[in-house]
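Right, one structure below, let's go through it.
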Amino acid sequence: MPRLTRKLLLLIGLLSIQPCIADSPIFPDPLKTPGDVLTTDPNVICVSGYTKTVRDVPQAVKQQAYQSYGIYHHQPGEFEVDHLISLELGGSNSIKNLWPESFVTHPLNAHVKDQLENKLHQLICSNQLPVAQAQQEIATNWVAAYEKYIGALPTDINPNQTKPTQVFKQPAIKNSGDCPRTAPIKVSKKGIYHLPGDASYDKTKAKQCFESSAAAELAGFRAVRER
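Taken in order, the sequence shown gives residues 18 to 244; the numbers are from the working numbering.
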């Protein structure tokens with residue numbers, strides 16, 4: 018086979034395995050991921066550190082979740098295998114409650130859903146929302162639940178554009194990974210924002226910087242979860 022032909026075939030092969038971000042599932046398929054719960058007892062899920070005691074998703078199950086959605090190749094950090102009903106809301110580790118959720122789609126992604134999960138957990142643990150209702154609403158339509166309990170979605174996108182609308186002008190990040198004084202809120206590579214004074218603030222190398230926590234949340238990032 019001529020060398021040029023071999024190179025061309027190799028290039029086609031490499032392109033064919035690149036993930037297609039446009040196909041990243043925003044909503045889980047209800048037939049594949051209807052949701053599943055481990056408990057509906059607020060006295061259980063509101064105990065600090067509860068999720069650490071029940072989090073157990075083997076790599077083989079994660080692969081099963083990816084394959085069930087036809088995702089065989091993806092970039093590092095593009096997806097997480099997410100619990101549709103999160104563990105902090107009493108969800109289980111069953112494959113019926115798992116789906117590959119994108120970190121990179123806009124305006125809807127895993128960071129946005131994390132905000133909803135935190136809000137629902139807060140409402141449950143302050144006796145403002147029944148556990149079963151929170152589980153049902155996030156499993157049925159998590160975006161509608163976000164709008165109901167948090168408000169308007171954090172960003173919008175013009176359907177004729179391929180890139181999300183830019184809401185904030187990003188401040189320059191220093192070579193050390195620190196943020197300028199005018200925008201001290203650090204966002205880590207995991208999409209978690211850190212405030213000055215946080216235990217891990219100094220050792221966090223910023224990927225983005227914001228003037229306030231509200232601005233960081235508006236852009237789809239979440240705060241450090243309380244232990």
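Quick reminder that beta carbons are idealized off the backbone N, C-alpha and C, glycines included.
Just so it is clear, the structure is predicted and the values come from calculations on it, not from any experiment.
Between S103 and the set W159, Y86, K206, the nearest pair of CA atoms involves W159. When the beta-carbon positions are compared, L115 and V98 come within less than 9 Å of each other. Here K79 is not bridged, per DSSP, to any residue.
DSSP, reduced to helix, strand and coil, places I202 within a strand of the structure shown. Where L140 is concerned, the enclosing alpha helix (DSSP H) starts and stops at 127-142.
When the Cα atoms are used, K113 and S65 turn out to be separated by approximately 26 Å. Of the other Cβ atoms in all chains shown, 16 or more fall within 10 Å of the Cβ of K203; this residue is therefore buried. Per DSSP, the beta bridge partners of V54 are G108. Excluding the 5 residues flanking it on each side, G52 has same chain C-beta neighbours closer than 6 Å at L101, I102, N114, A156, in chain order. Around the CB of E164, fewer than 16 other CB atoms lie within 10 Å, so the residue is classed as exposed. Straight through space, the alpha carbons of P147 and T122 are spaced by roughly 31 Å. In this structure, S109 sits away from L170, with a CB-CB distance that is not shorter than 9 Å. Take P201, set aside five residues on each side of it, and the residues of its chain with a beta-carbon closer than 6 Å to its own are P213, in chain order. Inclusion of K207 and K222 in the CB contact set at 9 Å is not warranted, their separation being larger than that value. Per DSSP, R72 has no beta-bridge partner at all. In this chain, the alpha helix (DSSP H) harbouring I62 covers 59-62. The residues C196, A223, C226, in chain order, have a CB closer than 7 Å to that of I190 in the same chain once the five nearest residues on each side in sequence are set aside. With fewer than 16 other Cβ atoms from the protein chains shown falling within 10 Å of its own Cβ, R242 counts as exposed.
Rounded to the nearest whole angstrom, the C-alpha separation of Q145 and L125 is 26 Å. Here Y210 carries a strand assignment [DSSP, helix/strand/coil]. Cβ contact annotation for Q152 (same chain, cutoff 8 Å, sequence separation greater than five): G52, V54, T57, I102, L106, G107, G108, in chain order.
Burial check for S143: the Cβ neighbour count within 10 Å stays below 16, so the residue is exposed.
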